Amino acid sequence: MWCQIIIGDAREVLDSIPHNYVDLIVTSPPYFALKQYPEHPKAIDMSSLEGYLNDLKKVFRKCFSVLKDGSFACVVVGQYTSKDSSIFIPGYLVKILEDIGFSYKREHIWVKPKGTQGIWNRGTTEFLKKPYPRNTMINIQHEHILIFQKGDDKRVFEKEKLTEQEIKEYSWSVWEIPVSEVKEHPAPFPEEIPRRLIKLYSYQSEIVLDPFLGSGTTAKVALDLNRNCIGIEVNPAYLSLIKRSVDLTQKRLLSPINFKIIRYDLGEVVLTQGIKNV
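Per my numbering: the sequence shown ends with 305, consecutive numbering throughout.
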C-alpha cells in the first residue's frame, strides 16, 4: 500500500497526476463564507460566490481528468445561511460538475445529532429573544453528500462484497453520524463518512483521491480499508495534523506503507511513475 500527501494548490498539483489514474474521489471543499480558514494566498476564493464557484470548477475539472472512466466522485458540502439570506451551494455544485461531464447519480443527507457543538446558530438565539413570526432563523444540522460518476460504466466485480449489515445501514438516503471531535481544523468530517463512501464505491488496492485533504481523514480511512491514497492540501499548517492522523493508521496495518510527503509548494515534484495499484 502507498500514500502520498501533497502540500500545494490542487489546481496545480492535479496537472501532475496522469489522466484516468484514480479510482475514487472523496472530498469536502471549503465551506463558502461559513468557515474561517487560515489565510493562504492560494486558498479557494471566499470573497464572492462567483469567485468561490469558479475556483471549485477549476479543481473539479482536473479531478474529472484524473478519475478513471466509470468511477465515482463523492462531495460533502453544506449550504450557506445567514440572517439575511441562504445560498444552496449543493445545487450550484451539481450544475458545475454536470457541465464538466460528470453524471449526478444520488445524494445522502448527513444529519448531525441535535445538541452537537457548533450547530446552534447565533441568529437562532436572536429568534429566542424575539420569538415573532417571520423573524425565523433555523439551525442547520445537515449536509449533502453528492454522488457523481464519470461515464456510465455499470460493470461490477465480484471479488469483494459488502455485508448485509453494511447494506442495511448504508443504503438509506439519510445518515445520522456525529461530527468529528478534531479541534485543530475548522471543518473536519467524521471518519464514518469516508468509510462508507470508500466501501460503497471502491475496491481494496485501488486509489482514493482527496483534493481538499484538510485534517487527513480521507487518507487515514483509505489506508484503514487497504486502499492507496493521494491527499492534496493547500495549507501547510495542517501537515502536522495530517501526519498524526495517518501515522495512527500506519501502526495498525500489518503490511508496510510507502508513505511520502511532497512539498509541492516548496518546489518538490509529484512522482507517480512506478506507483501502481498493488
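No residue lacks a Cβ here, since even glycine has one placed at the ideal position from N, Cα and C. Since the structure is predicted, the reported quantities are computational estimates derived from the model, not experimental observations.
With DSSP as the reference, label residue i as helix, strand or coil.
{"i": "Glu219", "result": "helix"}
{"i": "Glu211", "result": "At Glu211 the pLDDT is 49, less than 50, meaning the model places this residue with poor confidence; the figure from the coordinates comes in the next sentence. Coil at Glu211, not helix or strand."}
{"i": "Glu153", "result": "helix"}
{"i": "Asn81", "result": "helix"}
{"i": "Phe286", "result": "strand"}
{"i": "Ser75", "result": "coil"}
{"i": "Lys95", "result": "strand"}
{"i": "Arg161", "result": "coil"}
{"i": "Leu41", "result": "helix"}
Alpha carbon to alpha carbon, how far is residue i from residue j?
{"i": "Ser112", "j": "Asn162", "result": "13 Å"}
{"i": "Val12", "j": "Tyr58", "result": "Residue 12 cannot be examined here, being either before or after the span of the chain that is shown, 28 to 305."}
{"i": "Ile44", "j": "Ile165", "result": "42 Å"}
{"i": "Gly78", "j": "Gly128", "result": "21 Å"}
{"i": "Val93", "j": "Val49", "result": "6 Å"}
{"i": "Cys101", "j": "Ile288", "result": "24 Å"}
In terms of alpha-carbon separation, which member of the options lies closest to residue i?
{"i": "Asp136", "options": "Lys110, Ala246, Gln168", "result": "According to the sequence provided, residue 136 is Ile. The question's Asp does not apply to it. The residue with the shortest Cα to Cα distance from Ile136 is Gln168."}
{"i": "His67", "options": "Lys157, Asp36, Thr152", "result": "Asp36"}
{"i": "Lys85", "options": "Gly97, Asp96, Asp72", "result": "Asp72"}
{"i": "Asp42", "options": "Ser55, Met28, Arg88", "result": "Arg88"}
{"i": "Pro140", "options": "Ile204, Asp251, Ser74, Asn285", "result": "Ile204"}
{"i": "Lys132", "options": "Asp179, Val297, Glu295, Pro221", "result": "Asp179"}
Taking the CB atoms as reference points, tell me whether residue i and residue j lie closer together than 7 Å.
{"i": "Leu51", "j": "Tyr228", "result": "yes"}
{"i": "Leu330", "j": "Glu134", "result": "No answer is possible for residue 330: the residues shown for the chain start at 28 and end at 305."}
{"i": "Pro283", "j": "Ile259", "result": "no"}
{"i": "Val261", "j": "Ala60", "result": "no"}
Using a Cβ-Cβ cutoff of less than 7 Å, which residues in the same chain neighbour residue i once the five nearest sequence positions on both sides are dropped?
{"i": "Arg290", "result": "Ile34"}
{"i": "Phe216", "result": "Ser55, Val103, Ser207, Thr244"}
Leaving aside the five residues before and after residue i along the sequence, list all residues of the same chain whose C-beta is less than 8 Å from its C-beta, in chain order.
{"i": "Lys186", "result": "Tyr230"}
{"i": "Glu211", "result": "With a pLDDT of only 49 at Glu211, under 50, the local geometry of the prediction cannot be trusted, and the value read off the model is given with reservation. Hits under 8 Å: Ser242, Tyr265, Leu268."}
{"i": "Tyr197", "result": "Leu189, Arg223, Lys226, Leu227"}
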